[in-house]
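To convert a position in the sequence shown, counted from 1, into this note's numbering, add 6.
Note that beta-carbon positions come from the ideal geometry of N, C-alpha and C, so glycine has one too.
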Amino acid sequence: MKRFFTSWPLFLLFCLAGNHTAFTQNSVLVNFGSPNCYNAGNPFFSLINNPLSASPSALASCGLTAQLPDFYNVFIAYNPKSNKIYVADIRSNIDTKIWVMDMGLPSNIACPVIPVAPTYSYSYISNNFEFDNNGDLWSFSNYNLSTGRCNMDKFDVTTGSVINTRILQFPPGNFPTSINSGDLTILPNGRMFATLGSAPSRLYEINNYSSTSNNATATYLQTLPKDCYGIAYLNGQLEVTGIDFTTSSCYYFDYTISTNTLGIQKPFQLGQGPIDNTSFTPSVGTTKQLVNAVKVNANTADLTYEIYVKNLGNVIINNINVTDDLGAVFGAANVSNVSTSFVAGANMGGLTLNSSYNGTTITSLLSAGQNLPNQTLSNTNYYFKLLLQCRVTNLQAATTYLNSAIGQGTIGNTGNSSLINIKDSSNNGPASVVDPNSNGNASELGENVPTPFNFGTLPVRFISVAATLTNKTSATVKWVVATPTINAEKFEVEYSVDGRSWIQLTAMNITSINQGNYQFTHRHIPAGNLYYRIRQTDNDGSFVYSRIVLLHNKLNANNYTIFPNPAGNYIQVSAPYYNNGKTSIEMYDATGRKILSKQMTTSTEEINTAHLPAGTFLLKLIHKDDVQTQKVLIVH
């Protein structure tokens with residue numbers, strides 16, 4: 007029976023993830039209304055932490071009595087692009103006044119000094135509004151109750167100019183009584199929901215709202231048991247809110263999106279009065295996959311993991327980091343040769359690695375105090391991907407080692423008790439499985455699977471493969487593999503004249519797990535290019551290929567082949583048999599500096615390019631008075 011090794015803290019985190027206690031996302035409810043239920047003359051807004059828990063708390067509460075006479079005809083919205091909060095007053099029915107407030111996100115959450123005069127004022131009158139992730143502002147206008155149609159407007163918050171408009175069609179039989187009462191919310195993943203009308207209020211999902219060609223449509227979800235004028239997204243659910251003006255009671259309902267289930271009525275958080283709501287959601291997602299495993303000896307392997315961390319929310323994440331405790335899985339004394347690097351093109355935010363990371367006593371992969379922006383427009387700095395390489399020893403073939411990386415970050419700070427922590431245990435696989443159901447919550451059941459490694463299933467590791475011309479009609483292929491070759495059945499030598507269609511030359515059974523050197527002579531070889539590779543097959547039918555090597559068998563003494571080009575870690579120069587020992591190789595960088603000079607001693611010479619920077623180089627092949635020059639592109 008196979009055993010499974012992991013650390014208890016990670017295992018506990020996997021178990022708790024489904025209950026959201028891993029804090030993969032931690033939404034903050036923004037409430038505009040009054041500090042106590044139904045106090046219209048005391049308008050204010052509040053940022054409420056842990057709103058759906060038994061103990062919500064106010065991160066900040068900001069009065070607006072100097073700006074507004076009461077809380078009627080006022081909307082509030084959070085802008086993910088600027089990480090700021092916007093309050094709009096349309097009470098005059100002539101213009102819209104907007105105040106823009108910087109709450110200090112993501113670091114110091116606090117009420118700013120709010121000027122009496124609005125930041126913007128213009129003639130466009132919105133009926134509710136909400137920002138999407140790109141900072142575009144959406145609103146309803148011109149509702150026709152008889153047809154169930156209104157306009158879906160995208161407008162410029164700084165000028166009030168309508169950027170584009172499309173028709174929004176509500177479903178027959180479930181038209182809202184009005185669009186003047188209600189609210190809309192846009193999730194971090196782009197889905198839009200709205201509560202509209204009174205006596206009754208109805209809950210809808212708005213589809214296709216961002217299309218530039220087709221009409222938007224509304225899907226009817228629920229008729230709400232009481233009038234609800236506010237709506238917000240909170241940790242994978244919706245909260246719809248309202249005030250009963252006849253009884254002066256304030257309430258909310260939670261709504262589960264995936265099951266279309268409305269919860270029971272509950273008193274609104276902290277005894278406040280809700281008029282309009284919005285939210286912001288810090289959220290992080292992490293994946294990890296084993297991209298390479300090489301057997302070094304009977305109980306040692308070199309492992310390469312790829313770790314992906316993404317800001318899934320709609321607010322900048324402060325103190326972003328990812329931890330990986332290799333020692334907890336493999337044993338601290340068994341971990342060595344640890345190195346980390348960013349994947350090319352996958353660190354557009356310019357994050358820096360923690361040079362002290364060793365996977366055992368120091369487990370944070372990034373330097374402290376860095377930020378990870380949220381996704382807006384076409385930016386690519388909201389995620390990063392890195393490679394973690396290590397050598398592990400004292401491995402057991404019957405053991406499956408389970409390993410996870412933990413992405414984490416914060417918003418707020420401890421100084422004013424506004425700190426909010428988020429973290430996510432990685433899901434096994436590539437970046438595409440960071441949030442498999444794309445609902446913005448990466449900690450649901452089945453989304454935090456640890457990454458397995460089993461030493462007993464590793465393929466044979468090819469140390470080297472080479473081919474040389476023995477004479478005019480024969481070539482010898484030699485290869486070296488790491489020993490012991492556990493579970494290995496046979497080698498097959500294959501060749502090709504075009505590098506695409508392959509022919510098997512021979513099959514060689516592996517009779518000793520301790521034999522590391524092999525060779526085969528290919529007789530009566532054809533003229534031209536000859537490509538060789540070795541296929542190794544295990545007892546269970548799985549197989550692995552060696553890299554491809556190239557020979558050049560032509561009668562013309564001045565024909566050479568350079569392979570591959572573009573090159574990565576090596577270049578092979580193949581010369582005709584007659585030129586062995588008679589051709590020299592020189593290599594120059596882009597500045598004309600000679601960086602290599604060597605004599606060909608066999609028909610195929612291999613040049614190590616792993617240490618060279620990416621770029622264009624010049625290769626000269628010199629045979630007597632003949633000089634052939636070819637450009638070589640190095641890519642890593």
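Keeping to the same chain, check which residues put their C-beta closer than 8 angstroms to that of residue i; ignore five residues upstream and five downstream.
i	result
S254	C43, Y44
V641	P572, A573, G574, A620
For the beta strand (DSSP E) that residue i lies in, which residues bound it at each end?
i	result
F199	198-202
C156	155-161
C68	63-69
H558	555-559
Y84	80-85
G547	From DSSP, G547 is part of no beta strand (DSSP E); its letter is neither H nor E.
S285	279-286
V315	306-317
T491	Neither: T491 is in no beta strand (DSSP E) and is coded neither H nor E.
K600	600-605
D95	90-95
V341	341-348
W105	102-107
C396	389-398
Q4	Past the boundaries of the shown model lies residue 4; the chain is included only from 7 to 642, so the question cannot be answered.
Out of the options, point me to the one whose CA is closest to residue i's CA.
i	options	result
F38	G236, T517, E498	G236
D330	T346, E453, G179	T346
N380	C234, L318, G621	L318
S98	S444, E592, S129	S129
K630	E612, T589, D233	T589
Y407	G621, D546, G337	G337
D595	K604, S580, P619	P619
T252	T267, D233, D260, I417	D233
K478	T491, H528, I509, P436	H528
G355	Q578, I323, D260, T229	I323
N2	T405, G446, I531	Lying before the first or after the last residue shown, residue 2 is absent from the chain, which here runs from 7 to 642.
V315	I412, A481, G188	I412
S187	A200, P194, Q521	A200
I472	N56, N32, S552	Note that residue 472 corresponds to Ala in the displayed sequence, not to Ile. When each option's Cα is compared against that of A472, the closest is S552.
G522	I249, D95, V486	V486
G269	S285, V246, T287	V246
Y576	G598, I613, N545	I613
G279	T306, Q73, I249, Q295	I249
A304	V335, I192, P490	P490
W105	V80, Q31, G418, N545	V80
N514	K496, H530, F468, Q525	The question names Asn, but residue 514 is Met in the sequence shown. It is K496.
L227	P118, I212, E450	I212
L451	L464, S432, P465	S432
Q243	S480, A339, V341, V34	V34
I6	Y257, A404, K301	With the chain running from 7 to 642 in the structure shown, residue 6 is simply not present.
N377	I326, F461, F146	I326
C396	T482, R208, L332	L332
S145	F526, S167, R539, L58	S167
T310	N89, N298, V321	N298
L230	Y239, T267, G196	T267
G435	P456, N364, S444, L193	P456
First and last residue of the alpha helix (DSSP H) that includes residue i?
i	result
L332	332-336
Looking only at its chain, what residues have a beta carbon closer than 6 angstroms to the beta carbon of residue i, apart from the 5 residues adjacent to it on each side?
i	result
A46	D76, F77
Y537	S502, G505, I554, L556
S580	L556, L557, H558, T567, T610
L625	M593, Q636, V638
W699	There is simply no residue 699 to check, as the chain begins at 7 and stops at 642 in what is shown.
Can you find a CB in chain C that lies within less than 9 angstroms of the CB of residue i?
i	result
T610	Within the model displayed, chain C is absent; a lone protein chain is all it includes.
Looking only at DSSP bridge pairs, what is residue i linked to?
i	result
K429	Q414
A616	In DSSP, A616 forms no bridge with anything.
T265	None; T265 has no bridge partner.
C256	I249
F623	V638
W144	E136, K160
N327	Q414
Give me, in chain order, the residues of the same chain whose beta-carbon lies closer than 7 angstroms to that of residue i; leave out the 5 immediate sequence neighbours on both sides.
i	result
F549	R541, Q542, T543
G69	F50
T27	Note that T27 scores 40 on pLDDT, short of 50, meaning its location in the model is unreliable; the coordinates nonetheless yield the value given after this. There are no such residues.
I169	K160, F161, D162
Can residue i be considered in contact with the ligand HEM, in the sense that its beta carbon sits closer than 8 angstroms to one or more heavy atoms?
i	result
R197	Absence of the ligand HEM from the depicted structure is noted, as is the absence of any ligand whatsoever, leaving it without description.
The segment 165-177 in contact with the segment 202-222 per 3-pair CB rule at 8 angstroms:
Yes, they touch.
Inspect the CB distances between the segment 105-113 and the segment 131-142 and report whether three or more fall short of 8 angstroms.
The answer is no - the segment 131-142 does not touch the segment 105-113, with fewer than three Cβ pairs under 8 angstroms.
Looking at C-beta atoms only, is the number of pairs between the segment 50-62 and the segment 290-304 that lie closer than 8 angstroms three or more?
Touching, no.
Inter-stretch contact at 8 angstroms, needing at least 3 Cβ pairs: the segment 302-314 / the segment 387-401:
At 8 angstroms Cβ cutoff, the stretches touch.
Does the segment 150-158 come close enough to the segment 181-196 that 3 or more CB-CB pairs lie under 8 angstroms?
Short answer: they touch.
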